[in-house]
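Residue numbers (this note's numbering): 11 to 670.
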């Protein structure tokens, strides 16, 4: 029985590979359907199925939510260029670093070769395999932590559920909806999908996997993010490995010796992209040699060995139906043009940004006017100007009072501003949402919709009011039950202790972004030092000019903000002192690998402790590893550590070290 089922699984998977990955069917549908039904009948009869059975790809689960998943290696963003000059500058920088390395090392790096690939416009997906089986599929998320979408990914027919390689490996790919599938879907859909990019993202983030399956998504694999025994010499070898393991790799990846040839390949992509059955919004250029990549390394944001070339923005003509005014976090009242819906670069656009009154006048934007709209690099569409006759159009009315609270507006430079920070609901909602955001106090479960509900139903006016809420208060909100209320109460309590830079950013001081907040925290170490800093001390910080320094001083001189800070401190909100000094300790100078799960601490907390103590936490075991920390279900890293005779430490021993 098992032999027959195994034979059917192997045969059907082979047919699927030819149909979905190679686009080269080797049997007619009737033959496939007959064998598939035979397998289904056997699985139902014997209550058993193999992990890689094609029947496991059928959507059927309605999931409760998405779990977080930490990637073994970060999924980096890419530096973006939009001109050949920027591309040449990038190549020159890489060549300069290569030459500098070769001048001081005996193991010379080879001349740089480049691989050009399509920049797919879908959703990045990270596939993790253990012992040859698909274990986890996750979204990119913030590059370090994504969401587990394994059930959704299993509905994608050209993702292998089993591969020959039996170690731990992460495959990076792009999920997309073929344009032909989008057209097919929309013919019978009650609500047509607007574009292929949103269709793919929406399908993979749909808790109902039956809906995911209906969209018939595909993937292209393009990189190995992590591999236990990665020993490839260049990128072309990794692509060959992916193809050998059954992953769909796009056929376009030419290897060239000069940046001039790369530019020719980009021109080819520009011409070719409108003939493709999937969306692409540019090209990705990668240095081929792996050792050169290692030497070039990374900036804070990007690898130095790769760059994305984004095509110029597309422009279309449409009509202005109306201009509405929206109130932001700082009280700025900004005009937004409502447009006759039009498709630009694969997305349906019905509104566009207008910065201020001067923008409206300069571009001659009027109700009923025909305008040119540009959408570039996934940013909010922008009106470039008007065209044609304006005689039958209507002038945009400039508001005198706040569209939300009715307070008389004032001019602040080029902007209209509502001065009513205390009782203007959009400002209150935006400030509290900002305070709770991931880069600030990171209050899980407190999104804009929930904050708006709190303002409307519970009458909260500022961020300090969050810490007065009780579970009984939360249960009064729509869609809040015991569990959701408990979770939010726990998140609020947890947020009372946060790193200094998060608190500074969360206060919402004008012009103080994440980077500036981090630099300020490094300089002043404590919140008291920061709020008492002089103008001269503030401007001594890199990136803090006169404007930002004055904004900070004005913030702390404002009576309302003084009262807010006082209340936050009274409610127990506190900051972790910023300390850059590395302590001498057990881990000083050691390279440490963490594997398995730990009950006492989270892995990222252990990693932070190691680095605080002067150690280095890495993700793979090698001869350079000094110590492997082993939790439950450690996997192949423990085997590798034993093989290399590396010191092993369990959780109890770790806690003894930490607790002294």
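We put the beta carbon where it would ideally sit given N, CA and C, even for glycine.
What are the start and end residues of the beta strand (DSSP E) that includes residue i?
i           : result
residue 218 : Element bounds for residue 218: n/a, residue is neither H nor E.
residue 172 : Taken as a continuous stretch (DSSP letters only), residue 172 belongs to no beta strand (DSSP E), as it is neither H nor E.
residue 157 : 155–157
residue 15  : Counting along the chain, residue 15 falls outside any beta strand (DSSP E), though it belongs to the alpha helix (DSSP H) covering 12–26.
residue 291 : 290–297
residue 640 : 637–640
residue 656 : That residue, residue 656, is in no beta strand (DSSP E); it is neither H nor E in DSSP.
residue 225 : First-last for residue 225: undefined, no H or E at that position.
residue 422 : 420–422
Quick check on the burial criterion: 16 or more other C-beta atoms within 10 angstroms. Buried or exposed for residue i?
i           : result
residue 558 : buried
residue 121 : exposed
residue 115 : exposed
residue 341 : buried
residue 665 : exposed
residue 288 : buried
residue 317 : buried
residue 244 : buried
residue 17  : exposed
residue 466 : exposed
residue 56  : exposed
residue 168 : buried
residue 437 : buried
residue 63  : buried
residue 568 : exposed
residue 392 : buried
residue 640 : buried
residue 295 : buried
residue 36  : exposed
residue 620 : buried
residue 239 : exposed
residue 459 : exposed
Would you mind working out which of the options sits nearest residue i, comparing C-alpha positions?
i           : options            : result
residue 267 : 251, 297, 177      : 297
residue 41  : 52, 26, 552, 490   : 26
residue 138 : 165, 178, 526, 125 : 178
residue 450 : 255, 621, 668, 519 : 519
residue 553 : 522, 625, 16, 654  : 522
residue 395 : 44, 118, 380       : 380
residue 674 : 429, 353, 291, 328 : An answer regarding residue 674 cannot be provided, because it is not within the stretch 11 to 670 covered by the chain.
residue 361 : 368, 350, 370      : 350
residue 609 : 643, 402, 446      : 643
residue 735 : 61, 269, 234       : Examination of residue 735 is not possible in this model, given that the chain is present from 11 through 670 alone.
residue 358 : 667, 348, 408      : 348
residue 89  : 308, 126, 300      : 308
residue 285 : 398, 189, 343      : 189
residue 313 : 113, 91, 483, 303  : 303
residue 539 : 524, 382, 511      : 511
residue 549 : 524, 136, 222, 530 : 530
residue 541 : 524, 565, 556, 555 : 565
What residue range does the alpha helix (DSSP H) around residue i cover?
i           : result
residue 652 : 646–653
residue 182 : Premise fails: residue 182 lies in the beta strand (DSSP E), 179–186, not in any alpha helix (DSSP H).
residue 246 : 245–254
residue 445 : 435–446
residue 667 : 661–668
residue 464 : 458–468
residue 308 : Careful: residue 308 lies outside any alpha helix (DSSP H) and carries neither H nor E.
residue 477 : Premise fails: residue 477 is in no alpha helix (DSSP H) and is neither H nor E.
residue 192 : 189–198
Is residue i near the ligand FAD - that is, is its Cβ less than 8 Å away from at least one heavy atom of it?
i           : result
residue 331 : Annotation note on the ligand FAD: not contained in the displayed structure, which lists no ligands.
Return the chain-ordered ranges of every alpha helix (DSSP H) run that is complete within the segment 321–402 and spans a minimum of 4 residues. Listed in chain order, they are 367–372.
Enumerate, from N- to C-terminal direction, the unbroken beta strand (DSSP E) stretches of 3 or more residues contained entirely within the segment 565–617. Every beta strand (DSSP E) stretch that sits fully inside the segment 565–617 and reaches 3 residues is listed by chain position as 584–586, 601–605.
Flag this pair as touching only if the segment 263–282 and the segment 330–340 have three or more C-beta atom pairs under 8 Å; answer yes or no. These segments do not touch.
Any 3 or more C-beta pairs closer than 8 Å across the segment 560–574 and the segment 594–606: Pairwise C-beta distances place the segment 560–574 out of contact with the segment 594–606, as fewer than three of them are shorter than 8 Å.
For the segment 145–162 against the segment 93–102, are there 3 or more C-beta pairs whose distance is under 8 Å? Result no; under three Cβ-Cβ pairs closer than 8 Å.
With three or more beta-carbon pairs closer than 8 Å as the criterion, would you say the segment 544–551 touches the segment 604–616? With contact defined as three or more Cβ pairs closer than 8 Å, the segment 544–551 and the segment 604–616 are not in contact.
Specify whether the segment 184–193 and the segment 122–132 touch according to this definition: at least 3 beta carbon pairs, one from each stretch, less than 8 Å apart. In this structure the segment 184–193 touches the segment 122–132; the number of beta carbon pairs closer than 8 Å is three or more.
Can you check the segment 504–546 for any alpha helix (DSSP H) of at least 4 residues that lies completely inside it and give the ranges in chain order? Here the runs fully enclosed are 510–516, 524–534, 537–541.
Taking 8 Å as the cut-off, does the segment 365–382 touch the segment 226–236 (at least 3 CB pairs, one atom from each stretch)? Judged by Cβ distances under 8 Å, the segment 226–236 makes no contact with the segment 365–382, as fewer than three pairs qualify.
Touch check for the segment 190–197 and the segment 76–96: three-plus C-beta pairs under 8 Å? No, the segment 190–197 is not in contact with the segment 76–96.
Decide yes or no for the touch test of the segment 471–479 against the segment 501–520: beta carbon pairs closer than 8 Å, at least 3 of them. With the cut-off at 8 Å, the segment 471–479 and the segment 501–520 touch.
Extract the residue ranges of the beta strand (DSSP E) inside the segment 82–160, only unbroken runs of 3 or more that lie entirely within it. Here the runs fully enclosed are 124–130, 133–140, 143–149, 155–157.
The segment 205–222 touching the segment 159–176, judged by at least three CB pairs closer than 8 Å: Yes, the segment 205–222 is in contact with the segment 159–176.
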